[in-house]
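**Q** No gaps in the numbering here: position 237 of the sequence shown is 237 in full-length UniProt numbering, and each next residue is one more.
No residue lacks a Cβ here, since even glycine has one placed at the ideal position from N, Cα and C.
This structure is a prediction, so every number in the text was calculated from the model and none was measured.
One structure follows; several queries about it will come next.
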Amino acid sequence: MCSTCGCASGERKIEGDDHHHDHHHGHDHHHGHDHHDHDHDHEPNGQTVIIHHHYYHQGDVHNHYHQYEPAPAESKSKKHKHKHKHKHKHIYQTAEASFKPAGEHHDLDYGHGEAGTHAPGISQKRMLQIEMDVLDKNNHLAEHNREDFCQKNILALNLVSSPGSGKTTLLTETLLRLRDRINCAVIEGDQQTTNDAQRIRETGVPAIQVNTGKGCHLDAQMVHDATARLELADNSLLFIENVGNLVCPASFDLGERHKVAVLSVTEGEDKPLKYPHMFAAADIMLLNKIDLLPYLNFDVDACIANAKQVNPNIQVIQVSATCGEGMDAWLAWLETQLCA
């Protein structure tokens, strides 16, 4: 998860702010001691907690916590004695707790272990605690957003994809077709620049840019702050275009009703298998840029089968914002959701 590597901390900016916000998820604790001999016993205290993410097709992410029984001591940690002067804690973990070979070629897989990820110098137990703290706070804020959207009958959609999938182009074409009959608004997420928000505003639809700085995803607090500035009308459609990233946005509920995964045919049909958490969390996949299929070696059926393997209930619509193919089906889906 991004909080373990520090990219969730740092500066973020929402258009209209007169100051920057610094969010630090986690704390560094230091202790100093003089030059002396000492023993370090790196046994973790207490039980480790396993988090299972369960994605439901109403936009919710539910985290279930389970106690984890530690492995035998010899596979977890070791004592050592050394002599030096320092101001840091030691957190060591043997290799088998962080990764294990994948397949006969002995590839490294750092997705194993209680946290399902790896960060140098941070124990699995510490990463789990960080994730629990961050997600619990975010989910509370997301539920607040969802209640507000529900009260105003606002359909909020979280658009997620890799960079370069054509998400913004697809969104601008969608807005041009909807703007005369449905009140729409857009929250644009990017690490830097207001380029995409400017493109959206050129359609006549209100948009606000959220720059996440080092952050690789939007969170519920950012969406809350942005919607306050947009002053959304009742019975409207809110598109939240997330930062281009198929990893961390899967875990962060924004209060949306649906996640919409956009996958372009230029990316390869195995994307749903490489990033299963995102496609498991999405309710619909827009297979974009299908006008390029004659020029590519892309297997549409295999791509859809891969998405269904990860998420049997995912809907798939093939679209092209450039030539307009599939846009009617996409708009029909939106209108169905507005009436739901």
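Decide if the stretch 278-288 is in contact with the stretch 305-313; the criterion is three or more beta carbon pairs, one per stretch, under 8 Å apart.
**A** The stretch 278-288 vs the stretch 305-313: in contact.
**Q** Which value, in whole angstroms, describes the spacing of the CA atoms of D301 and I290?
**A** Rounded to the nearest angstrom, the two C-alpha atoms are 13 Å apart.
**Q** Rounding to the nearest angstrom, what Cα-Cα distance links R177 and T169 in this structure?
**A** Roughly 13 Å separates the two Cα atoms.
**Q** Please state the DSSP three-state secondary structure of V160.
**A** Note: V160 maps to strand in three-state DSSP.
**Q** Helix, strand or coil for L287, going by three-state DSSP, please let me know.
**A** It is a strand residue.
**Q** On a CA-only basis, which of C248, D234, A197, Q124 is nearest G16? Give me that one, please.
**A** The candidate whose alpha carbon is nearest that of G16 is A197.
**Q** Expressed to the nearest angstrom, what Euclidean distance is found between the alpha-carbon atoms of H224 and I208?
**A** Looking at the two C-alpha atoms, the distance is approximately 12 Å.
**Q** Does DSSP put I14 in a helix, a strand or coil?
**A** DSSP places I14 in strand when its eight states are reduced to three.
**Q** Is the stretch 172-192 close to the stretch 318-331, with three or more CB pairs under 8 Å?
**A** Judged by Cβ distances under 8 Å, the stretch 172-192 makes contact with the stretch 318-331, as three or more pairs qualify.
**Q** Thinking just about the alpha-carbon of each residue, which of A142, V319, N158, A185 is nearest to the one in N235?
**A** Selected option, being the one with the closest Cα: A185.
**Q** Measuring alpha carbon to alpha carbon, tell me which of T227, T172, M278, I314 ends up nearest S161.
**A** It is M278.
**Q** Enumerate in chain order the residues of its own chain whose CB-to-CB distance from L141 is below 8 Å, with the five nearest sequence positions on each side excluded.
**A** D219, A220, Q221, H224, G255, listed in sequence order.
**Q** Rounded to a whole number of angstroms, what is the C-alpha to C-alpha distance between N138 and Y295?
**A** The straight-line gap from Cα to Cα measures roughly 43 Å.
**Q** Quick one: give me the first and last residue of the beta strand (DSSP E) that K259 is part of.
**A** 258-264 is the span of the beta strand (DSSP E), which, as asked, contains K259.
**Q** Determine the extent of the alpha helix (DSSP H) in which L338 is found, giving its start and end residues.
**A** Where L338 is concerned, the enclosing alpha helix (DSSP H) stretches over 327-339.
**Q** Out of P163, D107, T203, which has the shortest C-alpha to C-alpha gap to I267?
**A** Rather than Ile, the amino acid found at residue 267 in this sequence is Glu. The option with the nearest alpha carbon to E267 is P163.
**Q** N195: buried (16+ other C-beta within 10 angstroms of its C-beta) or exposed?
**A** So N195 ends up on the exposed side.
**Q** Starting from C184, trace the beta strand (DSSP E) both ways and give me its first and last residue.
**A** Here the beta strand (DSSP E) through C184 covers 184-190.
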